[in-house]
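Each remark here refers to the structure printed beneath this line.
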Amino acid sequence: MDIAGTIIIAIDTEQKVALIIKKSSELLGYHQKDILGKNWFDTFIPEKCRQETKEVYLQLISGNLGSFEHFENPVLTRNGEERIIRWYNSILKDKKGRIIGTLSSGEDITERKKVEEEMKVRSVAMDSSLTAIAIANPEGYITYVNSAFVKLWDFFNEEEVLGKSVRDLGTSGKTITLVINELFSRGSWAGELSCRRKDRTEFHVHLSASLVMDETGKTICIMGSFRIYQGIKKQNR
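Residue numbers for the sequence shown follow the working numbering, beginning at 19 and rising by one.
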């Protein structure tokens, strides 16, 4: 059961650690002997959420597993760092059926939470940007637009444009196909583009587009930003 990134711990009815596997103690920066017998909540749970976490434990040992079978809370490592753990809880009973403690396996989701928070911040930043932004899948179908994009193209809401082909945005599907081909060839493209709103009126934008790739170099989406073009038309580059 020594699984990296996983905490497996048993806590008795006095809130003391009765069992912890080696990998779990290493994740916290301790030797097993330094954790066993310690009050789990007073020693390894940050003060800001200690009482709430204790209350969840008290619900568990009273037999109320239902809504507390899964729970997330931070734990403290030896160097004072907080790691966010998603717990899967169960109740321990003796041969007579009496509850003698809890057994929990916890997954360290700290990095996942950081990524989720970063994505939330980026999403808010993009949606509040005055620059029109769109994201399409590698096949060229739109998966995200921000409010500025909806306004620029005069759509009622984002639902009107999601799922459309990027070729539908310009006055010439052939021109956009050429842009996409160059984008996949070079990784980015910038230049002026003639576009058409929902009411068929035409306008010119300056488009900056790039491929977004994963760690293996595989394209996962296309991102483009659009600004109303108000200068002398220049050659695409």
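Just so it is clear, CB atoms sit at the ideal spot from N, CA and C, and this is done for glycine as well.
Nearest to residue i (by Cα), restricted to the options the options
| i | options | result |
| --- | --- | --- |
| SER108 | VAL223, LEU196, PHE167 and GLY124 | GLY124 |
| LYS41 | GLY55, THR24, TRP105 and ILE53 | THR24 |
| ARG104 | SER122, GLY235 and ARG116 | SER122 |
| PHE59 | LYS51, LEU45, LEU76 and GLY181 | LEU76 |
| THR61 | GLY81, GLN33 and PHE86 | GLN33 |
| PHE244 | TRP171, TYR106 and THR95 | TRP171 |
| THR237 | LYS113, LYS216, GLU176 and LEU201 | LEU201 |
| PRO64 | THR95, SER80, THR149 and LEU83 | THR95 |
| LYS216 | LEU180, ILE79, GLU99 and PHE173 | PHE173 |
| VAL81 | GLU136, LEU110 and GLU157 | Per the sequence presented here, residue 81 reads as Gly, with Val not at that position. Ranking the options by Cα distance to GLY81, first place goes to LEU110. |
| LYS66 | LEU83, GLU100, THR149 and LEU78 | GLU100 |
Neighbourhood of residue i by C-beta, 8 Å cutoff - its chain only, sequence neighbours within 5 removed
| i | result |
| --- | --- |
| THR189 | SER212, CYS213, ARG214 and GLU220 |
| ASP145 | ASN164 and SER165 |
| SER43 | HIS49, GLN50, ASP52 and ILE53 |
| GLU70 | ASN91 |
Straight-line Cα distance separating residue j from residue i
| i | j | result |
| --- | --- | --- |
| LYS72 | GLU129 | 25 Å |
| ASN155 | THR161 | 7 Å |
| MET19 | PRO92 | Summary for MET19: the model assigns pLDDT 39, below 50, so the residue's position carries little reliability, and this model does not support an answer. |
| SER206 | LEU229 | 6 Å |
| THR31 | ASN57 | 10 Å |
| ILE246 | VAL223 | 4 Å |
| LYS192 | ARG185 | 8 Å |
| ARG68 | SER141 | 32 Å |
| LYS182 | ILE240 | 14 Å |
| ILE38 | ARG116 | 22 Å |
| GLY209 | SER226 | 7 Å |
| ASN199 | ILE153 | 17 Å |
| MET231 | ILE29 | 45 Å |
| PHE86 | VAL74 | 7 Å |
| LYS2 | LYS138 | What the structure shows of the chain is the stretch from 19 to 255, and residue 2 is not part of that stretch, so it cannot be assessed. |
| ARG218 | TYR159 | 20 Å |
| SER203 | SER147 | 28 Å |
| ILE79 | GLU233 | 45 Å |
| TYR106 | ALA150 | 43 Å |
| GLU134 | GLY242 | 22 Å |
Residue i - containing alpha helix (DSSP H), residue span
| i | result |
| --- | --- |
| PHE167 | 165-171 |
| VAL74 | 65-79 |
| SER146 | 128-146 |
| LEU45 | 40-46 |
Cβ-heavy atom distance, residue i to the ligand ZN, below 7 Å
| i | result |
| --- | --- |
| ASP126 | You won't find the ligand ZN in this model; it holds no ligand whatsoever. |
Residues that residue i bridges to, as DSSP identifies them
| i | result |
| --- | --- |
| PRO259 | Nothing in the structure corresponds to residue 259, since the chain is present only between 19 and 255. |
| ASN57 | LYS34 |
| GLU177 | In the DSSP output, where bridge partners are listed per residue, GLU177 has none listed. |
| THR237 | MET231 |
| ALA152 | VAL163 and GLY242 |
| SER111 | The sequence as given places Lys at residue 111; Ser does not occur at that position. Answer is ILE117. |
| GLY124 | ILE25 and TRP105 |
| SER85 | For SER85, which the question treats as bridged, DSSP gives no partner whatsoever. |
| LEU211 | VAL223 |
| GLY158 | Answer by DSSP bridge pairing: none, since GLY158 is not bridged. |
Cut-off 6 Å between Cβ atoms - residues of its own chain near residue i, not counting five sequence neighbours on either side
| i | result |
| --- | --- |
| ILE102 | PRO92, ILE127, THR128 and LYS131 |
| THR195 | none |
| ILE250 | With a pLDDT of 44 at ILE250, under the threshold of 50, the modelled position of that residue is not reliable, and no figure is offered here. |
| LEU187 | CYS213 |
| VAL197 | TRP207 |
| GLY235 | none |
Proximity test, Cβ basis, 8 Å: residue i and chain B
| i | result |
| --- | --- |
| VAL179 | Here chain B cannot be found, since the structure has a single protein chain. |
Segment limits, beta strand (DSSP E) that includes residue i
| i | result |
| --- | --- |
| VAL6 | A query on residue 6 cannot be resolved here, the shown segment of the chain reaching from 19 to 255 and no further. |
| LEU196 | Unbroken run through LEU196 is the alpha helix (DSSP H), 191-204; no beta strand (DSSP E). |
Residues near residue i in its chain [Cβ-Cβ closer than 7 Å; skip 5 each side]
| i | result |
| --- | --- |
| LYS252 | Caution is warranted here: a pLDDT of 45 is assigned to LYS252, below 50, making its placement in the model unreliable, and no coordinate value can be reported. |
| ASN97 | GLY47 |
| VAL35 | ILE27, ILE29, ILE53, LEU54, GLY55, LYS56 and TRP58 |
| GLU7 | No information on residue 7 is available, as it lies outside the stretch 19 to 255 that the chain covers here. |
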